[in-house]
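The sequence shown: position 54 = 54 (full-length UniProt numbering), numbered continuously. Virtual Cβ for every residue (Gly too), placed ideally from N, Cα, C. The structure presented is a predicted model; accordingly, all values stated were derived computationally and were not measured.
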Amino acid sequence: MGTPRKCPECNSKLVPIVFGMPNEQGVQEAQEGKIILGGCCMMPINPTRGCTQCGWEYMPPPEDEFEEQYLRELLSRDE
Numbered sequence: 001m002g003t004p005r006k007c008p009e010c011n012s013k014l015v016p017i018v019f020g021m022p023n024e025q026g027v028q029e030a031q032e033g034k035i036i037l038g039g040c041c042m043m044p045i046n047p048t049r050g051c052t053q054c055g056w057e058y059m060p061p062p063e064d065e066f067e068e069q070y071l072r073e074l075l076s077r078d079e
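Listed below in structure tokens is the structure:
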């Protein structure tokens, strides 16, 4: 399954969400819609991709679900 590339709400392209204090290039890329600025405060689990059109954000699965999903994907490649 992996990280989605299109927004499930409006079908627009998803862009990376970047956390931390942006430099000049980061501000420029955000203005151009290439990234979304996530702010300076991070939580244990943060959204990694977002939609610049409708605001939808992709939240990765918790670590144990991620590992299980990763193993399923690896095993399915052998089939």
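Nearest by alpha-carbon distance to residue i: which of the options is it?
i   : options            : result
Q31 : Q53, C7, K6, P4    : Q53
P44 : I36, E29, E63      : E63
S42 : E29, I36, G20      : The question names Ser, yet the displayed sequence has Met at residue 42. Cα-wise, what sits closest to M42 is G20.
N23 : C40, N11, K13      : C40
G50 : L74, I36, S76      : I36
C7  : Q28, E29, L71, G55 : G55
C10 : Q28, E57, N46      : E57
Going by the beta-carbon positions, is the gap between residue i and residue j smaller than 8 Å?
i   : j   : result
T15 : G33 : A small fix is needed here, since residue 15 is Val in this sequence, not Thr. Cβ atoms of V15 and G33: closer than 8 Å.
G38 : V18 : yes
P61 : T48 : no
Worksheet item: Along the chain, which unbroken stretches of the beta strand (DSSP E) at least 3 residues long are found entirely within the region 33-65?
Response: The region 33-65 contains, as complete beta strand (DSSP E) runs of 3+ residues, the segments 36-39, 49-51 (chain order).
Worksheet entry | alpha helix (DSSP H) runs contained entirely in the region 2-35, provided each spans 4 or more residues | Runs of the alpha helix (DSSP H) spanning 4 or more residues and lying entirely within the region 2-35 occur at 24-31, in chain order.
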